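Asks: One structure, as structure tokens, below. Some questions next.
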Amino acid sequence: MNRHHATGIVMAFAWMVLGFLALPAFAVVPISFTDTRYLAMPDEHWSLQHWRAFLSNREWHDSIWQSLWIACVSTLGAVVAGTLCAIGCWRASSRWSERVRTAMILPMAVPTIVYALGIYRLYVDLDLVGSAIGIVFAHTVTGLPYVVLTVSASLANIDPRLEQAARGLGASVGQTLRWVIVPNVVPGILSGAIFAFIHSWDELIVVIFIGGRAFFTLPRRMWDGINDNLDPVIAVVATGMILFTLLVLSAELALRARRPRS
Amino acid sequence: MPSQSDTPTGWRPRHGVYWLIIMPALAMLVLLYLVPLADVLVTSVTDPKPGLDNFLLLFTSTSVQKTLLTTLRIAALTTFVALLLGYVVAYAMRAANSSQQRLMLFCVLLPFWISVLVRSFAWIALLSSRGPVNAGLMAWGLIDEPLPLVRNETGVLIGMVHVMLPYAVLTLYANMRGIDVRLVAAARSLGASRFQAFRMVFLPLTRPGLIGAGTLVFILSLGFYVTPALLGGGKVLMIAEYVAVQINDTLRWGLGTMLATTLMLSVLAALWALSRVLDVKRLFGA
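Top line first, the protein sequences correspond to chains A and B.
The numbering of the first sequence is my numbering, which starts it at 263 and goes up by one.
The numbering of the second sequence is my numbering, which starts it at 118 and goes up by one.
Here is the structure:
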């Protein structure tokens, strides 16, 4: 027998904790249909008033577009630079490239507030506060770890003889990269892209500091809304964000299911 | 793409090429990440004047000390509760059959993916005085007045445990999966009671998992901003929010960067210590 027993009480308690983990976020769905003017479950009937308020509000729409395009551009940057970096570290495989790979996960380990202070100071000097390029670069560099980690994991599965064979048959380094290595790590690249995208899409603290007056991404506008007045419209936005995240996540799961190797 | 003549067959790729493609990411990391962090460090010992005056505030300023104590207390409580609940879940996951296991893992990973901001907002809505939790308790007649569950430490603790629990479960589960259950069976067959076998055989074997999960949750809790700021309603000031207030409201850069530096160095030191006992890169999903 490979498993051990857990008593019914332990199992029941574990499922309660799992419910505590999985369910609370979905409370925003019924709350978004409330017929009250404050945050509560629908009282007498379900109402679309807050959804209508959301759909007719230009500010929320602008925020969605800002968040979307910032996430797309910074994901692209993180994917290109991160993939090249992972491949370079994999091939160079020396003590130094190992150090580079470790340094790349720093943005995941250092508390964001520390980075927010630093990048804000730098951007004040460079006059980049409230600029699109400033936010895109900040999100790109903090999105790098996700790509480097997932692509490195894919590279670890590649048979090094594949590359030797291509080189032996006369392919240049660039050709080998383009036709042999990159196609083999596509699943890793796509997973990294999804993580980097969600990272930028959800990022709040850095944008609060460097967004200036021009950039109110979706998380920042939600943050201001929660601090100001707790309007049920925020529950509508939160519902939308959960749906969108689940959509992106199922794309990742589908991708993983289609991955050829174990 | 280079032509064939540039790279005749037999030319061994120098590592130079590989360092060339590492460069864009490395340059970005250095210029846009490490330089700003270094600037925070430098500012903490130069603003308003050079010296360690800012760091003396750690020992002399009562408001700084109050924030540090609040941070440590909430991080410790969060760690304790997350370990306790996480242990039960990981233990149950180990014992479950594989289809149950998959559903359990899904429940653990799902909140990971929903943004902390959205989850904190959901907790505010759930726990507020007119929210469903209080409404339910009053409808059942368990309480007459709404309980103050949010904008205080209770709310912060609930929200933090919710964010940290998946880390605890995953680390503990990874550790428990490596334990040979035949050891427990052997203890049972030698006459140990169920509880004795757990306490004297299984529990000691999960110590590395408990240490790893505990350290990880504790250090991640130290730097939390969004959850305590929203669920504490400005009344429960943890270090990250305190730093933001220093910069945004009072423009005390010296104090703000000093606390940020202290936070960063504590977290990195703890991670380094942890990396000596287990593979830290795994914790970040490698």
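The beta-carbon is built from N, C-alpha and C at its ideal position, and this holds for glycine as well.
In this text the structure is predicted, and so the values were computed from the model without any measurement.
1) Would you say A/LEU285 and B/THR374 are within 8 Å of each other, going by their C-beta atoms?
2) Tell me where the alpha helix (DSSP H) around A/ASP297 begins and ends.
3) In the segment 227 to 241 of chain B, which residues sit with their C-beta less than 9 Å from some C-beta in chain A, listed in chain order?
4) Shortest alpha-carbon distance to A/TRP322 belongs to which of A/GLY487, A/VAL409, A/ASP297?
5) Considering only the alpha carbon of each residue, which of B/TRP370, B/THR184, B/TYR284 lies closest to B/PRO165?
6) Taking the alpha-carbon positions, what's the B/ARG393 to A/LEU417 distance?
7) Drop a sphere of 10 angstroms on the beta-carbon of B/ASN171, count the other beta-carbons inside from all chains shown, and report buried for 16 or more, exposed for fewer.
8) Indicate whether at least one CB of chain B lies closer than 8 Å to the CB of A/LEU424.
9) List the endpoints of the continuous alpha helix (DSSP H) containing A/GLY281.
10) Based on Cα-Cα distance, which residue from A/LEU452, A/ALA428, A/LEU317 lies nearest to A/VAL510?
11) Cβ closer than 8 Å: which chain B residues qualify as neighbours of A/CYS347?
12) Distance cutoff 8 Å, beta carbons only. Does A/PRO373 sit that close to anything in chain B?
13) Can you tell me whether B/ASP351 is helix, strand or coil according to DSSP?
14) Using the rule of at least 16 other Cβ atoms within 10 Å of the residue's Cβ for burial, across every protein chain shown, is B/LEU154 buried or exposed?
15) Since B/GLN363 and B/LEU354 are thought to touch, with beta carbons under 8 Å apart, how far apart are those beta carbons, to the nearest angstrom?
16) Using the Cα positions of B/PRO325 and B/THR332, report the straight-line distance between them to the nearest angstrom.
17) At a CB distance below 7 Å, what residues from the segment 368 to 383 of chain B approach chain A? Give them in sequence order.
18) What residues in the segment 244 to 255 of chain B have a beta carbon less than 9 Å from any beta carbon of chain A?
19) Which residues in the same chain have their Cβ closer than 6 Å to the Cβ of A/VAL469, if we skip the five residues on either side of it in sequence?
20) Whole angstroms are fine: how far does the CA of B/LEU189 sit from the CA of B/LEU339?
21) In whole angstroms, give me the CA-to-CA distance for A/SER294 and A/LEU310.
22) Take A/GLY392 and list the residues in its own chain whose beta-carbon comes closer than 7 Å to its own, dropping the five residues that flank it on each side.
23) Under the three-state reduction of DSSP, which class applies to B/PRO249: helix, strand or coil?
24) Between A/TRP463 and A/SER325, which are expected to be in contact by the criterion C-beta below 8 Å, what is the C-beta distance as a whole number of angstroms?
25) How big is the Cα-Cα spacing for B/PRO345 and B/SER237?
26) Is the CB of A/VAL413 under 8 Å away from at least one CB in chain B?
27) Ends of the alpha helix (DSSP H) at A/HIS401?
28) Do A/HIS312 and A/THR337 have their C-beta atoms within less than 8 Å of each other?
29) Exposed or buried, what is A/GLU465 when buried is set at 16 or more other beta-carbons lying within 10 Å of its beta-carbon?
30) So what's B/TYR342 in DSSP terms, helix, strand or just coil?
31) Indicate whether B/VAL152 and A/LEU384 have their beta-carbon atoms separated by less than 8 Å.
32) For a quick check, are the C-beta atoms of A/ALA276 and B/VAL206 less than 8 Å apart?
33) Who are the Cβ neighbours of A/ASN264 in its own chain at under 8 Å, not counting the five residues just before and after it?
34) With a Cβ-Cβ cutoff of 8 Å, do B/LEU380 and A/PRO373 count as a contact?
35) Counting pairs of Cβ atoms below 8 Å between the segment 265 to 276 of chain B and the segment 233 to 253 of chain B, do you hit three or more?
36) I'd like to know whether the C-beta atoms of B/THR285 and B/ALA252 end up nearer to each other than 8 Å.
Replies: In brief:
1) Residue 285 of chain A sits at position 23 when you count from the first residue of the first sequence. Residue 374 of chain B sits at position 257 when you count from the first residue of the second sequence. No, these two residues do not count as a Cβ contact at 8 Å.
2) Within the first sequence, numbered from 1, the residue matching residue 297 of chain A stands at position 35. Looking at the DSSP string, A/ASP297 is not in any alpha helix (DSSP H), and its letter there is neither H nor E.
3) LEU227, PRO228, TRP230, ILE231, SER232, VAL233, LEU234, VAL235, ARG236, SER237, PHE238, ALA239, TRP240, ILE241
4) Locating residue 322 of chain A in the first sequence gives position 60, counting from the first residue. The shortest CA-to-CA distance from A/TRP322 to any of A/GLY487, A/VAL409, A/ASP297 is the one to A/GLY487.
5) As a working note, residue 165 of chain B is residue 48 in the second sequence. The shortest Cα separation from B/PRO165 among B/TRP370, B/THR184, B/TYR284 belongs to B/TRP370.
6) Along the second sequence, read from residue 1 onward, the residue named residue 393 of chain B stands at position 276. Along the first sequence, read from residue 1 onward, the residue named residue 417 of chain A stands at position 155. Each residue's alpha carbon lies about 25 Å from the other.
7) Counted from its first residue, the second sequence places residue 171 of chain B at position 54. Result: buried.
8) Position 162 of the first sequence holds residue 424 of chain A. No, because no Cβ of chain B sits closer than 8 Å to the Cβ of A/LEU424.
9) Position 19 of the first sequence, counted from the start, is the residue given in the question as residue 281 of chain A. According to the DSSP assignment, A/GLY281 belongs to the alpha helix (DSSP H) that extends over 270 to 284.
10) One-based indexing of the first sequence puts residue 510 of chain A at position 248. Among A/LEU452, A/ALA428, A/LEU317, the Cα nearest to that of A/VAL510 is on A/LEU452.
11) Taking the first residue of the first sequence as 1, we reach residue 347 of chain A at position 85. Result: ILE138, ILE139, PRO141, ALA142, LEU143.
12) Residue 373 of chain A sits at position 111 when you count from the first residue of the first sequence. For A/PRO373, at least one C-beta of chain B is nearer than 8 Å to its own C-beta.
13) For the purposes of this step, residue 351 of chain B is taken as residue 234 along the second sequence, with counting starting at 1. Per the sequence shown, residue 351 of chain B should be read as Gly rather than Asp. Shown here, B/GLY351 sits in coil according to DSSP, grouped into three states, outside any helix or strand.
14) Numbered from 1 along the second sequence, position 37 holds the residue referred to as residue 154 of chain B. B/LEU154 is buried by the Cβ-count criterion.
15) Residue numbering aside, residue 363 of chain B sits at position 246 when the second sequence is read from its first letter. Residue numbering aside, residue 354 of chain B sits at position 237 when the second sequence is read from its first letter. In fact, because the Cβ distance is near 11 Å, the residues do not count as touching under 8 Å.
16) Locating residue 325 of chain B in the second sequence gives position 208, where the first residue counts as 1. Locating residue 332 of chain B in the second sequence gives position 215, where the first residue counts as 1. One C-alpha to the other measures close to 11 Å.
17) GLY373, THR374, ALA377, LEU380, MET381
18) SER245, ARG247, GLY248, PRO249, ALA252
19) For the purposes of this step, residue 469 of chain A is identified with residue 207 of the first sequence, where counting begins at 1. Closer than 6 Å at Cβ, skipping near neighbours: THR479, ARG482.
20) The residue given as residue 339 of chain B occupies position 222 in the second sequence. The residue given as residue 189 of chain B occupies position 72 in the second sequence. Cα-Cα distance, rounded: 7 Å.
21) To locate residue 294 of chain A, count along the first sequence from 1; it is residue 32. To locate residue 310 of chain A, count along the first sequence from 1; it is residue 48. Cα-Cα distance, rounded: 8 Å.
22) In the first sequence, the residue the question calls residue 392 of chain A occupies position 130. Result list for A/GLY392: GLY473, GLY474, ARG475, ALA476, PHE477, in chain order.
23) Against the second sequence, residue 249 of chain B aligns to sequence position 132. It is helical.
24) Taking the first sequence and counting its residues from 1, one reaches residue 463 of chain A at position 201. Taking the first sequence and counting its residues from 1, one reaches residue 325 of chain A at position 63. That belief does not hold up - the Cβ atoms of A/TRP463 and A/SER325 are roughly 12 Å apart, past 8 Å.
25) As a working mapping, residue 345 of chain B is identified with position 228 in the second sequence. As a working mapping, residue 237 of chain B is identified with position 120 in the second sequence. When rounded, the distance between both Cα atoms is 9 Å.
26) To locate residue 413 of chain A, count along the first sequence from 1; it is residue 151. No - not a single Cβ of chain B is within 8 Å of the one on A/VAL413.
27) Position 139 of the first sequence, counted from the start, is the residue given in the question as residue 401 of chain A. 394 to 417 is the extent of the alpha helix (DSSP H) around A/HIS401.
28) The residue labelled residue 312 of chain A in the question sits at position 50 within the first sequence. The residue labelled residue 337 of chain A in the question sits at position 75 within the first sequence. No. Outside cutoff.
29) Here residue 465 of chain A is taken as the residue at index 203 of the first sequence, counted from 1. Under this definition A/GLU465 is a buried residue.
30) Start at 1 with the first residue of the second sequence, and residue 342 of chain B comes out as number 225. Three-state DSSP puts B/TYR342 in coil, outside helix and strand.
31) Position 35 of the second sequence, counting from 1, holds the residue named residue 152 of chain B. Position 122 of the first sequence, counting from 1, holds the residue named residue 384 of chain A. Yes, Cβ-Cβ distance for B/VAL152 and A/LEU384 is below 8 Å.
32) Walking along the first sequence from the start, residue 276 of chain A turns up at place 14. Walking along the second sequence from the start, residue 206 of chain B turns up at place 89. Taking 8 Å as the Cβ cut-off, A/ALA276 and B/VAL206 qualify as a contacting pair.
33) Translated into positions along the first sequence, residue 264 of chain A becomes position 2. Residue placement at A/ASN264 is poorly supported in this model, since its pLDDT is 42, which falls under 50; the coordinates still yield a value, given next. Excluding its 5 nearest sequence neighbours in each direction, A/ASN264 has no C-beta neighbour in its own chain below 8 Å.
34) Counting from one through the second sequence, the residue named residue 380 of chain B turns up at place 263. Counting from one through the first sequence, the residue named residue 373 of chain A turns up at place 111. It is a contact, given that the beta carbons lie within the stated cut-off.
35) yes
36) Your numbering for residue 285 of chain B matches position 168 in the second sequence. Your numbering for residue 252 of chain B matches position 135 in the second sequence. In the sequence on display, residue 285 of chain B carries Ala and not Thr. Taking 8 Å as the Cβ cut-off, B/ALA285 and B/ALA252 do not qualify as a contacting pair.
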